[in-house]
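Which chain is which? The protein sequence lines are A and B, in order.
Quick note: the first sequence uses the numbering used here, first residue 35, plus one each step.
Quick note: the second sequence uses the numbering used here, first residue 100, plus one each step.
Read through the structure below, which is laid out as structure tokens, and then see the notes.
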Amino acid sequence: MRILLIEDEPKVSALVKRGLTAERYAVDITADGREGLEYTETYPYDLILLDLMLPSLSGVEVLQRIRRTNQFVPILVLTARDSVDDKVKLFEIGADDYLTKPFAFAELLVRVKALLRRGPVNRSSTLRIGDLELDRLTQQVKRHGKRIELTAKEYSLLEYLMQNPDRVLSRNMIIEHVWDQSFDGITNIVDVYVRHLRSKIDENSDPKMIRTVRGTGYMIRSENAV
Amino acid sequence: MIRKPLREYRFSLRARTTSWYVGLLAMALVVFSVGIYVCIRTYLNESLQRALSSTAHTISDDFLAKLPTKGDAWVLGEIRESYEASPNDHYIRLSVGDSVLYQTADMRDPSIQISEITIPRLSREGTFHRQAIHGRDVMVYSLPFQATDGRLIEVEAGTSLFSMQQTLHSLTKILTIATILILILATIGGYLLMTQPLRPLVVLTGKAADIGRKKLGERLPVIPTGDELERLTHSLNGMIDRLEDALNHNHRFSADASHELRTPLTIMRGELEEMLRIEELPPQAVENLVSTLEEIDRMSRIVNSLMTITRLDAGGERMTMQVLDLSELVRTTMDHMRLLAEEKGLPLNCECEREIYVYADPMRIKQVLVNLIDNAIKYTQPGEDFPESSLQEPRGRVDIAVFASGSSACLKIADQGIGIAPEVLPHIFDRFYRADFARSRDAGGVGLGLAIVKAIVTAHDGSVSITSTLDQGSTVLVQLPLVKSPEPVHKEEPVPVRKQSRYQPT
Numbered sequence: 035m036r037i038l039l040i041e042d043e044p045k046v047s048a049l050v051k052r053g054l055t056a057e058r059y060a061v062d063i064t065a066d067g068r069e070g071l072e073y074t075e076t077y078p079y080d081l082i083l084l085d086l087m088l089p090s091l092s093g094v095e096v097l098q099r100i101r102r103t104n105q106f107v108p109i110l111v112l113t114a115r116d117s118v119d120d121k122v123k124l125f126e127i128g129a130d131d132y133l134t135k136p137f138a139f140a141e142l143l144v145r146v147k148a149l150l151r152r153g154p155v156n157r158s159s160t161l162r163i164g165d166l167e168l169d170r171l172t173q174q175v176k177r178h179g180k181r182i183e184l185t186a187k188e189y190s191l192l193e194y195l196m197q198n199p200d201r202v203l204s205r206n207m208i209i210e211h212v213w214d215q216s217f218d219g220i221t222n223i224v225d226v227y228v229r230h231l232r233s234k235i236d237e238n239s240d241p242k243m244i245r246t247v248r249g250t251g252y253m254i255r256s257e258n259a260v
Numbered sequence: 100m101i102r103k104p105l106r107e108y109r110f111s112l113r114a115r116t117t118s119w120y121v122g123l124l125a126m127a128l129v130v131f132s133v134g135i136y137v138c139i140r141t142y143l144n145e146s147l148q149r150a151l152s153s154t155a156h157t158i159s160d161d162f163l164a165k166l167p168t169k170g171d172a173w174v175l176g177e178i179r180e181s182y183e184a185s186p187n188d189h190y191i192r193l194s195v196g197d198s199v200l201y202q203t204a205d206m207r208d209p210s211i212q213i214s215e216i217t218i219p220r221l222s223r224e225g226t227f228h229r230q231a232i233h234g235r236d237v238m239v240y241s242l243p244f245q246a247t248d249g250r251l252i253e254v255e256a257g258t259s260l261f262s263m264q265q266t267l268h269s270l271t272k273i274l275t276i277a278t279i280l281i282l283i284l285a286t287i288g289g290y291l292l293m294t295q296p297l298r299p300l301v302v303l304t305g306k307a308a309d310i311g312r313k314k315l316g317e318r319l320p321v322i323p324t325g326d327e328l329e330r331l332t333h334s335l336n337g338m339i340d341r342l343e344d345a346l347n348h349n350h351r352f353s354a355d356a357s358h359e360l361r362t363p364l365t366i367m368r369g370e371l372e373e374m375l376r377i378e379e380l381p382p383q384a385v386e387n388l389v390s391t392l393e394e395i396d397r398m399s400r401i402v403n404s405l406m407t408i409t410r411l412d413a414g415g416e417r418m419t420m421q422v423l424d425l426s427e428l429v430r431t432t433m434d435h436m437r438l439l440a441e442e443k444g445l446p447l448n449c450e451c452e453r454e455i456y457v458y459a460d461p462m463r464i465k466q467v468l469v470n471l472i473d474n475a476i477k478y479t480q481p482g483e484d485f486p487e488s489s490l491q492e493p494r495g496r497v498d499i500a501v502f503a504s505g506s507s508a509c510l511k512i513a514d515q516g517i518g519i520a521p522e523v524l525p526h527i528f529d530r531f532y533r534a535d536f537a538r539s540r541d542a543g544g545v546g547l548g549l550a551i552v553k554a555i556v557t558a559h560d561g562s563v564s565i566t567s568t569l570d571q572g573s574t575v576l577v578q579l580p581l582v583k584s585p586e587p588v589h590k591e592e593p594v595p596v597r598k599q600s601r602y603q604p605t
């Protein structure tokens, strides 16, 4: 998988590149919009990460020009603006997703993987990690075959975690997917729900599936559970 | 709320101007009326006197002068012939001492007997004097005539003043009524007349209030009256120009600053995350790194909140307005937050009247709710080391109420928390102002929550206020304009969904 990163802040691009390379992606970097455009016309990239504030050619311009020649390459925009207007405009001119700075690398990774996997999506009705089962049709959760009663929010939280096994989900991401932006800033709501979920899922079972990743967020680990 | 005082102000200016002008007019009218009255009275008086004296002198010069030649009988006959014997309101009397030589008949209108009028016997020259007979004024001119035979004949010509007084009385009445009528008409007319020049002022005032509340991008309409108002409009527009410049500058600065902060924050976060992945870090280092990461999180939230407030204040934040049921939104939000309250063993009560509709951006109002309810929960039970799943008696509760009051939809959130000291209450909605730094920091606040609440509510043309008693709790009241009857289209989706969902990984 080959990813192009168009970003003029060398430290940011270095960080992203190191992280993505560690995940075994091939990453090209350019700091210039015009150069980035030439790259996209030369190599068949699987994904483009685009910063909006660029010298010589603005990110919006780059985005529009890429879309003129290439309809399908997924484009993830990195932006420092977060007004609704800006976001709506981004989607209108062809961005597939965006990430507001400052972002956690874990979040970037989840979004990158999601965009790269867009084609054949696993939409099976049952999510299964180890002996934990979540049936999306009946909305039932079982561990060791034993049914666990969850509230609606706990269910959504578990579903989101199980959709992204082995990936760190930041509190921010969890809030935005399970709640909505208005809960942003109330940090402990995620912790409270995770604690409740944990008491129902992990309390009497081993191994413990929901892990806390310090300073970042939470994840469900599948390897220990196998 | 803003309209009402405006109307009162307009009223008073109008009333003040009208009353000044009516007052001046009244003074002019009174002076004018008194002048007229005095002139006419003098004129009537003088013409009466002229008539009386000319009658007396005619009798004396034309008739009595002939006494020595023609004799008494002839002269009196001549006088009787010349001066009618049955006058209405005047009389003539010739007398020598107390004996009357000749007199006309008694006056009839009003009836006064001539015999009751005292014969004046005073001067050598003709004199005027007045007498009151049974309350009726009579003016008499008496002229002494020295006959050649030695008799001193007193010639009297008199008249009742009744008719003149009647005339003057009518005049007074007419002038008074006319003055009052003119003043009434002038008051009404002036009041109405003031409407026209004041109308641009009313338009301007309303518009100016709107500009203050909403965007600064608009300008006052220049009404080409060519007068002071037009000049005022131009000056005000100039002032708004400068204000807008200053605000834009301020806005740009905040936006640029928070924008510029994001990149370094991204880098710091990335570097720290990377460092945390190193396996062999000593526990102390991990602790420090994690703590730094948390601080970066907080800074990011501050930057975000600042940008939000800046945009809301500048009116630059696009809001997706729709008619929505406030009570419905409150209930859903409460359901999402109930667990937070349960953690602290607090009951979360709602007394929500159904179908309280407001025209609002659901996401923003939800943010208000979340902030306020979160605050109420946070402050209701002091002490963090309280057992998580407490079996103790709940020490407080959070009451939420939604109701309609007049033209407002009201949301009331009352806690039984630590309360707010009266001296900090006025600043509680200020940015970065916190009643108790240590406490709210522990609870994860960034000191911008209430400022955001205020910015959002203000952007919705609403108001927010807080009352509090120390150690007993605080009550926040949010008022939004009430929508009486919702359009059926919006009724189906009272609970909003996200405007723009991000791509969701599956």
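Just so it is clear, CB atoms sit at the ideal spot from N, CA and C, and this is done for glycine as well.
Where aspartate 93 of chain A falls: helix, strand or coil (DSSP): Before going further, note that residue 93 of chain A is glycine rather than aspartate in the sequence given. Three-state DSSP puts glycine 93 of chain A in a helix.
Other residues of its chain near methionine 196 of chain A: CB distance less than 8 Å, five sequence neighbours each side excluded: Leu161, Ile163, Leu166, Leu168, Ile254
Span separating the alpha-carbon of glycine 561 of chain B from that of leucine 579 of chain B: 4 Å
Paired residues, beta bridge with arginine 207 of chain B - DSSP: B:Ser210
Nearest-angstrom Cα separation, counted from arginine 298 of chain B out to threonine 117 of chain B: 15 Å
Under the three-state DSSP convention, the category aspartate 309 of chain B falls into: helix
Min CB distance proline 136 of chain A to chain B below 7 Å: yes
Segment limits, alpha helix (DSSP H) that includes valine 226 of chain A: 222-235
Beta carbon proximity, glycine 249 of chain A to chain B, threshold 7 Å: yes
Under 7 Å from the C-beta of glutamine 421 of chain B: neighbouring residues of chain A: Correct list: empty, because the minimum Cβ distance to chain A is about 14 Å.
For histidine 156 of chain B, the nearest candidate out of B:Ile455, B:Ala256, B:Ala508, B:Ala307 (CA to CA): B:Ala256
Residue closest to serine 210 of chain B, alpha-carbon to alpha-carbon, out of B:Gly444, B:His333, B:Phe261: B:Phe261
Chain A contacts from the region 464-482 of chain B (Cβ-Cβ distance under 8 Å): Lys465, Gln466, Leu468, Val469, Asn470, Asp473
From A:Gly249, A:Phe217, A:Leu184, A:Arg205, residue whose alpha carbon lies closest to that of histidine 230 of chain A: A:Leu184
Proximal residues of chain A, C-beta to C-beta of arginine 361 of chain B below 7 Å: Ala114, Lys135, Pro136
Where the region 221-238 of chain A meets chain B: residues whose CB sits under 9 Å from a CB there: Thr221, Asn222, Ile223, Val226, Tyr227, Arg229, His230
Threonine 286 of chain B (DSSP reduced to helix, strand or coil): helix
Unbroken beta strand (DSSP E) run spanning glutamate 379 of chain B, endpoints: Segment: none, glutamate 379 of chain B is in no beta strand (DSSP E) and carries neither H nor E.
Interface residues of chain B facing glutamate 43 of chain A [CB-CB closer than 7 Å]: Thr362
Continuous beta strand (DSSP E) stretch holding threonine 568 of chain B: start and end: 562-568
DSSP-derived helix/strand/coil call for proline 243 of chain B: strand
Beta carbon of alanine 125 of chain B nearer than 7 Å to that of leucine 335 of chain B: no
Proximal residues to methionine 367 of chain B (C-beta, below 7 Å), its chain only, five neighbours per side dropped: Ile395
Span separating the alpha-carbon of tyrosine 290 of chain B from that of alanine 114 of chain B: 7 Å
Cα-Cα separation between aspartate 85 of chain A and isoleucine 408 of chain B, rounded to whole angstroms: 25 Å
Partners in chain B for arginine 52 of chain A, counting only beta-carbon separations shorter than 8 Å: Glu373
Whether leucine 83 of chain A touches leucine 39 of chain A by CB criterion (7 Å): yes
Proline 154 of chain A to phenylalanine 137 of chain A span [Cα, whole Å]: Bear in mind that the predicted position of proline 154 of chain A carries a pLDDT of just 47, short of 50, making it unreliable; the figure below should be weighed with that in mind. Between proline 154 of chain A and phenylalanine 137 of chain A, the C-alpha separation is close to 27 Å.
Backbone CA spacing between lysine 45 of chain A and alanine 114 of chain A [nearest angstrom]: 15 Å
Where the beta strand (DSSP E) containing isoleucine 163 of chain A begins and where it ends: 160-163
Validate contact between the region 564-573 of chain B and the region 508-520 of chain B using beta carbons, cut 8 Å, 3 pairs: yes
Neighbour list for valine 46 of chain A in chain B, Cβ cutoff strictly below 9 Å: Thr362, Thr365, Ile366, Gly369
Methionine 338 of chain B burial status per 10 Å Cβ neighbour count (16 or more: buried): exposed
is_contact[glutamate 442 of chain B, chain A] using C-beta, thresh 7 Å: yes
Arginine 235 of chain B - DSSP class collapsed to helix/strand/coil: strand
Min CB distance valine 389 of chain B to chain A below 7 Å: yes
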